[in-house]
Structure formats: structure tokens, C-alpha cells
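These protein sequence lines map, in sequence, to chains Z and E.
Under this note's numbering, the first residue of the first sequence is numbered 1, with each subsequent residue one higher.
Under this note's numbering, the first residue of the second sequence is numbered 1001, with each subsequent residue one higher.
First the structure, in the form of C-alpha cells, and then the observations on it.
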Amino acid sequence: AAGVIQSPRHLIKEKRETATLKCYPIPRHDTVYWYQQGPGQDPQFLISFYEKMQSDKGSIPDRFSAQQFSDYHSELNMSSLELGDSALYFCASSEDRLQETQYFGPGTRLLVL
Amino acid sequence: GIQVEQSPPDLILQEGANSTLRCNFSDSVNNLQWFHQNPWGQLINLFYIPSGTKQNGRLSATTVATERYSLLYISSSQTTDSGVYFCAVEATDSWGKLQFGAGTQVVVTP
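Set out below in C-alpha cells:
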């Protein structure tokens, strides 16, 4: 069965650089979620999109922005990277935004030096 | 916001043993999921279980929504069961946002 695809899987950046993470949801899933998991922590919700519109927002820094495109893939743009942004970034998708199983991608491991 | 508490925080099991993990939550939920995060960081969905009981092989889960808790049972544990088990809930006013517990770190020894 098709799963959520994330790219790249690993990323190394310098402080103050910019990073773009991509997410391709499971086919026919119209809702995408982004989560950030710091070392030794649980995943924290960042932002979600339903039918290409922002649906909900969590603890996402102003330096981060995201969007969902017409083909339902999503991108998380991170600017002015800080050491504390080093984390595992997960994208998840669901068939609808309410009371549906969220399926998580393999994650993008970002290291900021 | 909704609070999610998991217990125990750590669990060491011998291969073949059974165990029960608990998740308590502080408010009504639309969604409750159990995940297994393997040592490579992958988050694997185990159950979508806002209420009732489900079984999948050696794993089963029960959620009693009225009492705001869920249990994950692991039977005949194997070394591949090692990792962190997360409970995550979607509060009724959260429209899809999952709030995770701190997880239970499970180590299964041969």
C-alpha cells in the first residue's frame, strides 16, 4: 500500500540558512499535518492543511511557513535556521480532517550546525 | 489544552512476556491513536481507537472514553517490539491536531 513520502530524508544545514521539506500524502488523502520531534521528546503539532487551506496551527515559529499545493503535496519552508530547529520532522496525512487515522511518513531528520 | 499521560515511562521485558501500557487523557476526544516508534525513528500506526477494543496479532488495545483512558496490551513480546510507544489524542475542539503523550520506552531483552 502507498505510504506518505517525505523528502529529503536527511538534511544538514548551517545556522541562518533556509530549508524546504516536502511531503506527498497517500493518494486521495486531502489533509496534511506537520509535526516536529526534538531529541528525546514527543512529536509536537506544527500546522495542518485541509483541501489546500490552512486548517489549524500549533507552535510553529514565524520563521516557518507551509502550504499545500493543487496536487495535495505540501512543503514546509524554514528560514533563518537555529540550532534548536534540529529535529525529526514528520508529515502525516488523512482521508479527511475529522476523526480519521493519521498516517505518518518516515520523517526528515534535520541537523543544523 | 488536553493533557495526555502515559505510564509506565520505561519498561524492560524479557522475550515472551506480556505487558500493559496505559494512556490517560484529561478531556473528551474525537480520535485516539497508538504508535510505535522504532529505533530508526519511524512512527508506525498501531491502532485508531477512540473507543472500544481492537486486536491485531499480538497487540490489542482498549479505550474507555467515558473514563478517559486507553490500554495497549503486548503479548508474547519479541525483541522487535522494542522502541517507544506513543498514545496521541485529538481533543474535540482540535480539528485533527494530535496531542502526544511522553511515551513509554520499551526494551525487550532476549
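Glycine is no exception: its CB is placed at the ideal position from the N, C-alpha and C atoms.
From a predicted model like this one, the values you see are computed outputs, not experimental measurements.
In the displayed model, Leu83 of chain Z falls within a helix according to three-state DSSP.
Taking a C-beta distance under 7 Å as the contact criterion, Ile26 of chain Z and Tyr89 of chain Z do not qualify as a contact pair. In the DSSP assignment, the residues bridged to His10 of chain Z are Z:Arg109. In the three-state reduction of the DSSP assignment, Thr1109 of chain E falls in the strand class, which pools E and B. In the DSSP annotation of this structure, Trp1095 of chain E is not part of any beta strand (DSSP E), being labelled neither H nor E. Rounded to the nearest whole angstrom, the C-alpha separation of Ser74 of chain Z and Gly1016 of chain E is 42 Å. When only Cα atoms are considered, Gln6 of chain Z and Trp34 of chain Z end up about 11 Å apart. By the Cβ criterion, the stretch 1023-1031 of chain E is not in contact with the stretch 39-51 of chain Z, since fewer than three pairs of Cβ atoms, one from each stretch, lie closer than 8 Å.
Ranked by Cα distance from Arg63 of chain Z, the first of Z:Leu81, Z:Lys52 and Z:Ser55 is Z:Leu81. Closer than 7 Å to the CB of Trp1034 of chain E there is not a single CB belonging to chain Z. If you check each beta-carbon in the stretch 1080-1100 of chain E against every beta-carbon of chain Z, the ones closer than 9 Å belong to Val1084, Phe1086, Ala1088, Glu1090, Ser1094, Trp1095, Gly1096, Lys1097, Leu1098, Gln1099 and Phe1100. For the pair Ile1074 of chain E and Arg16 of chain Z, the Cα-to-Cα distance works out to about 45 Å. A residue is called buried once 16 or more other Cβ atoms fall within 10 Å of its Cβ, and Gly1096 of chain E is buried on that count. Looking at the DSSP output, Asn1045 of chain E shares a beta bridge with E:Phe1035. Cβ-Cβ distances below 6 Å link Lys52 of chain Z to Gln68 in the same chain, with the five nearest sequence neighbours on each side left out; the list follows chain order.
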